[in-house]
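Undergrad: Below you will find the structure I want to go over with you.
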Amino acid sequence: MRIVIKIGTSTLTHATGHLNIRRVEQLCKVISDIKNSGHQVILVSSGAIGMGVGKLGLRQKPSDIPTKQAAAAVGQCELMYIYDKLFADYHHTVAQLLITGEDIGNEKRHQNFRNTLNRLLELDALPILNENDTVATDEIVIGDNDTLAAIVAESVQADKLILLSDIDGLYTADPHKNPDARQIHRVHKLDDSIYALAGVSAGLQGTGGMITKLRAAQICMSCGCSMVIANGRRPENLYDILEGKDIGTTFEEETV
Ligand code: GLU
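Residue numbering for the sequence shown follows my numbering, starting at 31 and increasing by one per position.
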């Protein structure tokens with residue numbers, strides 16, 4: 031199977047903004063094992079800005095663009111350093127791809143990016159993507175990694191996209207506030223009733239929340255790729271998803 035896994039900032043870091051070492055180590059181990067079992071894996075990882083904020087010793091996440099972009103430049107190095115180090119322990123070679131909306135919008139650049147990704151997979155490397163936050167301005171920004179991950183899944187005709195977040199899946203109400211909130215395990219059709227749940231069911235940290243995840247699901251469902259929202263707190267969820275267990279919320283067109 032060709033699988034795209036998106037890792038959100040909330041999965042990589044503690045609430046303090048510092049790296050969640052145990053979690054990230056476990057994630058890299060599970061992903062390495064999944065690759066060893068024969069699956070092709072592409073990662074889309076957030077966390078550049080968050081890590082940069084920590085490394086530069088800034089007191090809070092900056093709101094102005096130049097500081098955000100500076101933090102991303104510092105944090106992206108740190109992020110790749112950590113991935114390189116941890117995946118090397120399991121003999122996997124990582125590759126970094128940073129892209130913007132322009133690279134997707136321009137057919138030639140999109141094709142180049144697709145060719146590079148396919149070649150990296152043939153070479154058994156582990157591509158790790160993020161938006162190129164240091165140059166992405168309003169006009170060319172993709173904006174969130176849920177969307178980026180779905181675009182990547184569509185571009186390389188992935189079989190599955192797994193969004194690891196700080197929430198177990200899509201709920202009928204906000205589970206942080208409402209004890210009666212029920213998790214929805216399967217969505218076969220993205221209609222207004224599902225979109226209406228996005229506002230009430232958002233995650234706590236990170237950029238996207240539920241609405242960008244539903245938009246990602248829309249992209250995936252229109253190209254026959256199934257998408258799962260699952261909690262990244264437990265990296266072993268990835269094994270369970272691939273074994274077909276009912277983890278998180280799966281978005282899939284019904285096959286007849
Ligand atoms: N590209 C951003 C970062 O690395 C994250 C965007 C997102 O999480 O959606 O900090």
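Quick reminder that beta carbons are idealized off the backbone N, C-alpha and C, glycines included.
Where are the beta strand (DSSP E) runs, 3 residues long or more, that stay fully inside the region 171-196, in chain order?
TA: 190-195
Undergrad: Since Thr280 sits in a beta bridge, which residues does DSSP pair it with?
TA: Residue numbering aside, residue 280 sits at position 250 when the sequence shown is read from its first letter. Answer by DSSP bridge pairing, in chain order: Arg216 and Val258.
Undergrad: With DSSP as the reference, label Lys36 as helix, strand or coil.
TA: Mapped onto the sequence shown, residue 36 falls at position 6. If DSSP states are grouped into helix, strand and coil, Lys36 belongs with the strands.
Undergrad: Starting from the C-beta of Arg216, find all residues in its chain whose C-beta is less than 6 Å away, skip the five residues before and the five after it, and write them out in chain order.
TA: Along the sequence shown, read from residue 1 onward, the residue named residue 216 stands at position 186. Excluding residues within five positions, the ones whose Cβ falls inside 6 Å are Thr280.
Undergrad: Taking all protein chains shown into account, decide if Thr146 is buried (16 or more other Cβ within 10 angstroms of its Cβ) or exposed.
TA: Translated into the one-based positions of the sequence shown, residue 146 becomes position 116. The residue in question, Thr146, is exposed, as its Cβ has fewer than 16 Cβ neighbours within 10 Å.
Undergrad: Can you tell me which of the three DSSP states Tyr201 falls into?
TA: Along the sequence shown, one-based indexing puts residue 201 at 171. Reduced to three states, the DSSP call for Tyr201 is strand.
Undergrad: Using only the heavy atoms of the ligand GLU, determine whether one of them is closer than 7 Å to the beta carbon of Asn145.
TA: Reading the sequence shown from its first residue, position 115 is the one you call residue 145. Checking every heavy atom of the ligand GLU against the Cβ of Asn145, none is found closer than 7 Å.
Undergrad: Where does Gly236 fall in DSSP's three states?
TA: Your numbering for residue 236 matches position 206 in the sequence shown. Residue placement at Gly236 cannot be trusted, given a pLDDT of 45 that sits under 50; what the coordinates show is reported in the next sentence. Three-state DSSP puts Gly236 in coil, outside helix and strand.
Undergrad: Suppose contacts are defined by Cβ-Cβ distances below 8 Å. Is Thr123 in contact with Ala101 by that definition?
TA: In the sequence shown, residue 123 corresponds to position 93, counting from 1. In the sequence shown, residue 101 corresponds to position 71, counting from 1. Not closer than 8 Å, so no.
Undergrad: Measuring only the C-alpha atoms, how far is Asn66 from Leu151?
TA: For this step, residue 66 is matched to residue 36 along the sequence shown. For this step, residue 151 is matched to residue 121 along the sequence shown. Rounded to the nearest whole angstrom, the CA to CA distance from Asn66 to Leu151 is 13 Å.
Undergrad: So, at 7 Å on beta carbons, what are the nonlocal neighbours of Asn208 in its own chain, with the 5 sequence-adjacent residues on each side left out?
TA: On the sequence shown, position 178 is the one that residue 208 refers to. Nothing meets the Cβ criterion.
Undergrad: Consult DSSP for Gln126 and reduce its assignment to one of helix, strand or coil.
TA: Walking along the sequence shown from the start, residue 126 turns up at place 96. Residue state, collapsed to three classes: strand.
Undergrad: Rounded to whole angstroms, what is the Cα-Cα separation between Thr46 and Ile95?
TA: Numbered from its first residue, the sequence shown carries residue 46 at position 16. Numbered from its first residue, the sequence shown carries residue 95 at position 65. The C-alpha of Thr46 lies about 22 Å from the C-alpha of Ile95.
Undergrad: Exposed or buried, Asn175, counting other C-beta atoms within 10 Å across all chains shown (16 or more means buried)?
TA: Taking the sequence shown and counting its residues from 1, the one referred to as residue 175 is at position 145. Classification of Asn175: buried, given that the 10 Å Cβ count is 16 or more.
Undergrad: With contact counted as at least three CB pairs below 8 Å, one residue from each stretch, are the region 241-256 and the region 37-44 in contact?
TA: no
Undergrad: So within the region 42-112, which uninterrupted alpha helix (DSSP H) runs reach at least 4 residues, ignoring any that extend past its ends?
TA: 51-66 and 78-85
Undergrad: Measure from the alpha carbon of Cys58 to the alpha carbon of each residue in Ala179, Lys115 and Ala180, then state which is nearest.
TA: Here the question's residue 58 lines up with position 28 in the sequence shown. Closest by alpha carbon: Lys115.
Undergrad: Can you grab the Cα-Cα spacing for the pair Gln70 / Glu282, in whole Å?
TA: Stepping through the sequence shown from its first residue, residue 70 is reached at position 40. Stepping through the sequence shown from its first residue, residue 282 is reached at position 252. The straight-line gap from Cα to Cα measures roughly 20 Å.
Undergrad: Just to confirm, is the Cβ distance from Asp270 to Arg32 under 8 Å?
TA: The count along the sequence shown starts at 1 and reaches residue 270 at position 240. The count along the sequence shown starts at 1 and reaches residue 32 at position 2. For Asp270 and Arg32, no; Cβs fall outside 8 Å.
Undergrad: Rounded to the nearest angstrom, what separates Asp119 and Glu55 at their Cα positions?
TA: The sequence position of residue 119 within the sequence shown is 89, counting from 1. The sequence position of residue 55 within the sequence shown is 25, counting from 1. Whole-angstrom Cα-Cα distance: 10 Å.
Undergrad: Could you name the residues of the same chain whose beta carbon sits closer than 6 Å to that of Gly236, not counting the 5 residues immediately before and after it, in chain order?
TA: Residue mapping note: residue 236 aligns to position 206 of the sequence shown, counting from 1. Note that Gly236 scores 45 on pLDDT, short of 50, meaning its location in the model is unreliable; the coordinates nonetheless yield the value given after this. For Gly236, where only same-chain residues beyond five positions count, the Cβ hits under 6 Å are Gly38, Thr39 and Ser40.
Undergrad: Would you check if the distance between the CB atom of Leu88 and the CB atom of Leu159 is smaller than 8 Å?
TA: Sequence index remark: in the sequence shown, residue 88 carries index 58 (1-based). Sequence index remark: in the sequence shown, residue 159 carries index 129 (1-based). Taking 8 Å as the Cβ cut-off, Leu88 and Leu159 do not qualify as a contacting pair.
Undergrad: May I ask you to check if the CB of Ser76 is nearer than 7 Å to at least one heavy atom of the ligand GLU?
TA: Translated into the one-based positions of the sequence shown, residue 76 becomes position 46. Yes, the ligand GLU has a heavy atom inside 7 Å of this Cβ.
Undergrad: For Asp210, is the beta carbon positioned less than 7 Å from some heavy atom of the ligand FAD?
TA: No copy of the ligand FAD appears in this structure; the ligands present are the ligand GLU.
Undergrad: Using only the alpha-carbon positions, how far apart do Pro157 and His218 sit?
TA: For the purposes of this step, residue 157 is taken as residue 127 along the sequence shown, with counting starting at 1. For the purposes of this step, residue 218 is taken as residue 188 along the sequence shown, with counting starting at 1. Looking at the two C-alpha atoms, the distance is approximately 30 Å.
Undergrad: Compare the beta carbon distance of Ile129 and Glu108 with 8 Å and say whether it is the shorter of the two.
TA: In the sequence shown, residue 129 corresponds to position 99, counting from 1. In the sequence shown, residue 108 corresponds to position 78, counting from 1. Inclusion of Ile129 and Glu108 in the CB contact set at 8 Å is not warranted, their separation being larger than that value.
Undergrad: Does any heavy atom of the ligand GLU sit closer than 7 Å to the C-beta of Asn175?
TA: Residue mapping note: residue 175 aligns to position 145 of the sequence shown, counting from 1. Yes, the ligand GLU has a heavy atom inside 7 Å of this Cβ.
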